[in-house]
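Just so you know, the working numbering puts 229 at position 147 of the sequence shown, and the rest follows in order with no gaps.
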Amino acid sequence: DADFIFNSGQMLTYYYVNAAPQWQKFNAGNWISVENAVRRLSAQVDDKLDVYTGTYGVLKLKNNKGQERMIYLEPTKKLVPVPEVFWKLVRHEGSSSCTVVVGYNNVFLTKPPSTLCSPADPSGWPKLTDLRKGYIYYCDYRTFSKTVTYVPQVECDGLLEFPS
Numbered sequence: 083d084a085d086f087i088f089n090s091g092q093m094l095t096y097y098y099v100n101a102a103p104q105w106q107k108f109n110a111g112n113w114i115s116v117e118n119a120v121r122r123l124s125a126q127v128d129d130k131l132d133v134y135t136g137t138y139g140v141l142k143l144k145n146n147k148g149q150e151r152m153i154y155l156e157p158t159k160k161l162v163p164v165p166e167v168f169w170k171l172v173r174h175e176g177s178s179s180c181t182v183v184v185g186y187n188n189v190f191l192t193k194p195p196s197t198l199c200s201p202a203d204p205s206g207w208p209k210l211t212d213l214r215k216g217y218i219y220y221c222d223y224r225t226f227s228k229t230v231t232y233v234p235q236v237e238c239d240g241l242l243e244f245p246s
């Protein structure tokens, strides 16, 4: 809710229609670092950033028999799926440059998972490698949009990087 100026916008983040379950270690770990980086970038470029956030997939974890199961908050009726991935598309309006941040909502990973898109290394973005806080990597918009086809269609010319 820290990204909204008015109380009405802040309150929207607490309603189910605009919420997706996250592990607390992910939310308070690497994902908050991403959100803080976006705020820092906005201040440094001193210009408008468009930020789109979404989810992809349903988290799968192994049960006590070693079988992978999709995770739902209400498992018997398969209601409220827990997302496997949270993503942010961050676009600088002035330059049309974009960076996609991909975060795995799985604090039980022991190695990095397969990537959804071609990993990128945009300058200035934090390196968040602690798997216990959620695996984070960066992508270019073009390869990400081939996998996550419902990402907003925007013009992206190169990676959005922090000013030097």
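For every residue, glycine included, the Cβ atom is placed at its ideal position computed from N, Cα and C.
Could you tell me which of the options sits nearest to residue i, measuring between CA atoms?
i, options, result
"glycine 185", "Met152, Gly176, Lys170", "Lys170"
"asparagine 118", "Leu210, Val189, Tyr138", "Leu210"
"lysine 213", "Lys160, Ser177, Phe190", "In the sequence as displayed, the identity of residue 213 is leucine instead of lysine. Among Lys160, Ser177, Phe190, the Cα nearest to that of leucine 213 belongs to Phe190."
"threonine 192", "Leu143, Ser124, Asn109, Asp129", "Leu143"
"serine 178", "Ile218, Leu155, Leu123, Leu131", "Leu131"
"arginine 121", "Glu150, Thr229, Gly206, Asn146", "Gly206"
"glycine 136", "Thr229, Asp239, Val167", "Val167"
Below 8 Å between beta carbons: does that hold for residue i and residue j?
i, j, result
"proline 245", "valine 127", "yes"
"proline 201", "asparagine 187", "no"
"proline 234", "tyrosine 134", "yes"
"cysteine 199", "valine 236", "no"
"glycine 111", "glycine 176", "no"
"glutamine 104", "tryptophan 113", "yes"
"proline 204", "leucine 155", "no"
"valine 183", "isoleucine 218", "yes"
"valine 140", "proline 157", "no"
Going by other Cβ atoms of all chains shown within 10 Å of its Cβ, with 16 needed for buried, is residue i buried or exposed?
i, result
"arginine 173", "buried"
"glutamate 243", "buried"
"threonine 115", "According to the sequence provided, residue 115 is serine. The question's threonine does not apply to it. That one is buried."
Quick check: the Cα distance between residue i and residue j, rounded to an integer number of angstroms?
i, j, result
"serine 227", "lysine 159", "31 Å"
"aspartate 222", "alanine 102", "24 Å"
"leucine 161", "phenylalanine 108", "21 Å"
"isoleucine 153", "proline 194", "19 Å"
"tyrosine 232", "tyrosine 220", "18 Å"
"serine 196", "aspartate 129", "34 Å"
"arginine 224", "alanine 125", "26 Å"
"asparagine 145", "threonine 229", "28 Å"
"aspartate 239", "glycine 148", "44 Å"
Any Cβ of chain D within less than 8 Å of the Cβ of residue i?
i, result
"lysine 147", "No chain D is part of this structure, which consists of one protein chain only."
ask   = Can you list, in chain order, the stretches of the beta strand (DSSP E) that have 3 or more residues and sit fully within the region 201–244?
value = 218–221
query = Taking only runs of the alpha helix (DSSP H) that begin and end inside the region 117–168, which ones reach a length of at least 4 residues, in chain order?
reply = none
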